[in-house]
Ligand SMILES: [Ca+2]
Ligand SMILES: [Ca+2]
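Numbering (my numbering), first residue to last: -1 to 224.
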């Protein structure tokens, strides 16, 4: 081939080949990265504590107790203590932590005889879930900003699932809640509430919310999927 191409064309061929190979490798790495990192996280689950034989956050039980909220084929499991610390910080010996069984920490495996309490969540494939549109039904001119799920559902029939996986909240200017310094009423988990009288400045920012729904709610490609 190179004899046929001659020295100049051989070097052009090599540079074309090397370039194509680089592009292919970059593409493969990028594709792999995208495939590994797209998808959506479930909510955090904490079904057990370590008062019995250990902390058993078993996938089959979590699915039974939270129907439709965990995909059949999770891509990753994430585990933290209920206080938000990584597993490595506790020094516990972990029996199981995978996407088939879930998470098991046995008290009998620990030097001090007791596991920490852990919570788990799962990365699900991209087709498992999608996000609704953003909703902003209220502003803080009255008692506060009340983005309550049941009211949003009544006002936007068919647009928000009944079994949302999680809620996302931003200001109407697209800033995170943490940036405003507002104290949020976390007792009300079915939606979002910020009460003006809870704030030092006497008034909440204006927030918008959206919800992550399981796949049976959001038919592709119309769904606003990640
Ligand atoms: Ca637990
Ligand atoms: Ca609002």
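The C-beta atom is built at its ideal place from N, Cα and C for all residues, glycine as well. In this text the structure is predicted, and so the values were computed from the model without any measurement.
Closer than 7 Å: residue i CB and nearest ligand 2 heavy atom
{"i": "residue 206", "result": "yes"}
{"i": "residue 136", "result": "yes"}
{"i": "residue 55", "result": "no"}
{"i": "residue 180", "result": "no"}
{"i": "residue 143", "result": "yes"}
8 Å contact criterion, which residue i and residue j should meet: CB distance rounded
{"i": "residue 62", "j": "residue 40", "result": "Incorrect: roughly 15 Å between the Cβ atoms, too far for contact."}
{"i": "residue 103", "j": "residue 52", "result": "5 Å"}
{"i": "residue 134", "j": "residue 178", "result": "Wrong, their Cβ atoms sit about 15 Å apart, outside the cutoff."}
{"i": "residue 183", "j": "residue 203", "result": "In fact, because the Cβ distance is near 14 Å, the residues do not count as touching under 8 Å."}
Heavy atom of ligand 1 within 7 Å of residue i beta-carbon
{"i": "residue 47", "result": "yes"}
{"i": "residue 70", "result": "no"}
{"i": "residue 115", "result": "yes"}
{"i": "residue 110", "result": "no"}
{"i": "residue 160", "result": "no"}
{"i": "residue 44", "result": "yes"}
Of the listed residues the options, nearest to residue i (C-alpha basis)
{"i": "residue 48", "options": "72, 101, 125, 164", "result": "101"}
{"i": "residue 74", "options": "155, 98, 117, 45", "result": "98"}
{"i": "residue 201", "options": "137, 93, 92", "result": "137"}
{"i": "residue 93", "options": "76, 113, 87", "result": "113"}
{"i": "residue 50", "options": "214, 106, 198", "result": "106"}
{"i": "residue 43", "options": "86, 87, 164", "result": "164"}
{"i": "residue 208", "options": "197, 167, 177, 214", "result": "167"}
{"i": "residue 127", "options": "69, 151, 196", "result": "69"}
{"i": "residue 205", "options": "212, 111, 121, 174", "result": "174"}
{"i": "residue 213", "options": "125, 46, 59, 45", "result": "125"}
{"i": "residue 56", "options": "95, 155, 151, 87", "result": "95"}
Cβ-Cβ distance between residue i and residue j below 8 Å
{"i": "residue 160", "j": "residue 123", "result": "no"}
{"i": "residue 157", "j": "residue 130", "result": "yes"}
{"i": "residue 162", "j": "residue 210", "result": "yes"}
Touch test, the segment 107 to 127 against the segment 75 to 82, Cβ-Cβ under 8 Å, three pairs minimum: yes
Three-pair Cβ contact test at 8 Å for the segment 190 to 204 versus the segment 138 to 146: yes
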